[in-house]
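**Student:**
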Amino acid sequence: MNMGDKLNSIRWENRLMVTSDGKYMFFVSGRRHELLNDELENGRYTSVTGFYWVDAAFIQELKKRMLGSLCAAEIVSKEYEKYGVEAAVCKLTELMSEAGDSCHFSYFELLMICREMIREDKIDDADIFYQALLDTLEEDFRTTHGYGMICMKHGRISKGWKLMKKALSEYPVELTVAVYILGSELLRMSRTEEALEIMRLNAGEFPGHYLSHFGLARAYEKLGNVERAIKICEEALQLCPDYHPAEDLLDHLKKRLNQ
Numbered sequence: 006m007n008m009g010d011k012l013n014s015i016r017w018e019n020r021l022m023v024t025s026d027g028k029y030m031f032f033v034s035g036r037r038h039e040l041l042n043d044e045l046e047n048g049r050y051t052s053v054t055g056f057y058w059v060d061a062a063f064i065q066e067l068k069k070r071m072l073g074s075l076c077a078a079e080i081v082s083k084e085y086e087k088y089g090v091e092a093a094v095c096k097l098t099e100l101m102s103e104a105g106d107s108c109h110f111s112y113f114e115l116l117m118i119c120r121e122m123i124r125e126d127k128i129d130d131a132d133i134f135y136q137a138l139l140d141t142l143e144e145d146f147r148t149t150h151g152y153g154m155i156c157m158k159h160g161r162i163s164k165g166w167k168l169m170k171k172a173l174s175e176y177p178v179e180l181t182v183a184v185y186i187l188g189s190e191l192l193r194m195s196r197t198e199e200a201l202e203i204m205r206l207n208a209g210e211f212p213g214h215y216l217s218h219f220g221l222a223r224a225y226e227k228l229g230n231v232e233r234a235i236k237i238c239e240e241a242l243q244l245c246p247d248y249h250p251a252e253d254l255l256d257h258l259k260k261r262l263n264q
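Count along the sequence shown from 1, add 5, and you get the number used in the numbering used here.
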């Protein structure tokens, strides 16, 4: 859940820890990514992460605001169930107007309403509500990125890909990693054909990044196309010779081919 500008940046944050006395919050952030010169020459990317801390006193105020946000999402969802998407949009606007600055509306909780619409195959409703969220949340890039992820995960791969590219247009490495993670999740769910489509998009968009090739190799391996997987895995290792997961996969694939 986005915790506001006290913690979240336009990059990513994780590994959140609060000290036992409740006074300080520590976390890791990618807000200071750097490209090392020697790795730039080899077409590789290194993420130089940083450890950060903030005074944890803001959590108590945030709790009050986020509780309001969670309630808002529930109210809007119930309005949708009773009266449809137009009524849900009106209720969202009404709640935002009433709350003013006193409530931090969670884009994540509200996007879950879009997810449920898509699960119920109400695609037009999901698109309408997403657009309302953009207007309400002033086109926060996380909303576009989040909806793109939801679309891709629920079969709307082309639309989701376009949204994620728009959201992360200035951060291509983050896009590569995000799409790879999503494709990997689909592989774990045995949705191999969808994973293959996503990994193909990634490799086509980022032919110079080892992770996009590695993901595509994994998808072909799952489909049983061992020779194709070997070729693409070798391409990944050409881009990043010491990427051990690709080395392990290539070794596994060659053993399968020789069996």
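Quick reminder that beta carbons are idealized off the backbone N, C-alpha and C, glycines included.
May I ask you to report which of helix, strand or coil DSSP gives Asn-268?
**Tutor:** Only positions 6 to 264 of the chain appear in this structure, which leaves residue 268 out of reach.
**Student:** Establish whether the CB of Pro-212 and some CB of chain B are separated by less than 9 Å.
**Tutor:** In the structure shown, chain B does not exist; there is a single protein chain.
**Student:** Kindly provide the ranges of any alpha helix (DSSP H) runs that are 4 or more residues long and lie completely inside the region 152–206, ordered along the chain.
**Tutor:** Segments of the alpha helix (DSSP H) lying fully in the region 152–206: 162–172, 177–193.
**Student:** Less than 8 Å separating the Cβ of Leu-100 from some heavy atom of the ligand NAD?
**Tutor:** Inclusion of the ligand NAD in the displayed structure is not the case, the ligand content being empty and no account of it being possible.
**Student:** In this structure, does DSSP put Glu-18 in helix, strand or coil?
**Tutor:** Residue state, collapsed to three classes: strand.
**Student:** Could you round the C-beta distance between Tyr-152 and Leu-187 to whole angstroms and report it? I think they count as a contact, below 8 Å.
**Tutor:** Actually they do not touch by this definition, with Cβ atoms about 13 Å apart.
**Student:** Give me whichever residues DSSP pairs with Phe-3 in a beta bridge.
**Tutor:** No statement about residue 3 is possible, as the shown extent of the chain runs from 6 to 264 and does not include it.
**Student:** Leaving out five residues before and five after Arg-49 in sequence, what residues of the same chain have Cβ atoms less than 6 Å from its Cβ?
**Tutor:** At Arg-49, the pLDDT of 41 sits below 50, so the modelled position is not reliable; the number obtained from the coordinates is stated separately. Correct list, in chain order: Cys-245.
**Student:** Check whether the region 78–88 touches the region 54–61, counting contact only when three or more Cβ pairs, one atom from each stretch, lie closer than 8 Å.
**Tutor:** With a cut-off of 8 Å, the region 54–61 and the region 78–88 do not count as touching, because too few Cβ pairs lie within range.
**Student:** Check the C-beta distance from Ala-224 over to Met-204 and give it rounded, since I have them as a contact under 8 Å.
**Tutor:** The pair is a contact, with the Cβ atoms about 5 Å apart (cut-off 8 Å).
**Student:** Would you mind stating whether Cys-238 and His-214 have Cβ atoms separated by less than 9 Å?
**Tutor:** No, they are not a contact pair.
**Student:** Out of curiosity, what's the CA-to-CA distance linking Thr-141 and Val-94?
**Tutor:** For Thr-141 and Val-94, the distance between alpha carbons rounds to 10 Å.
**Student:** Since Gly-220 contacts Ser-189 with CB under 8 Å, what's their CB separation in whole angstroms?
**Tutor:** With a Cβ gap of about 7 Å, Gly-220 and Ser-189 count as contacting.
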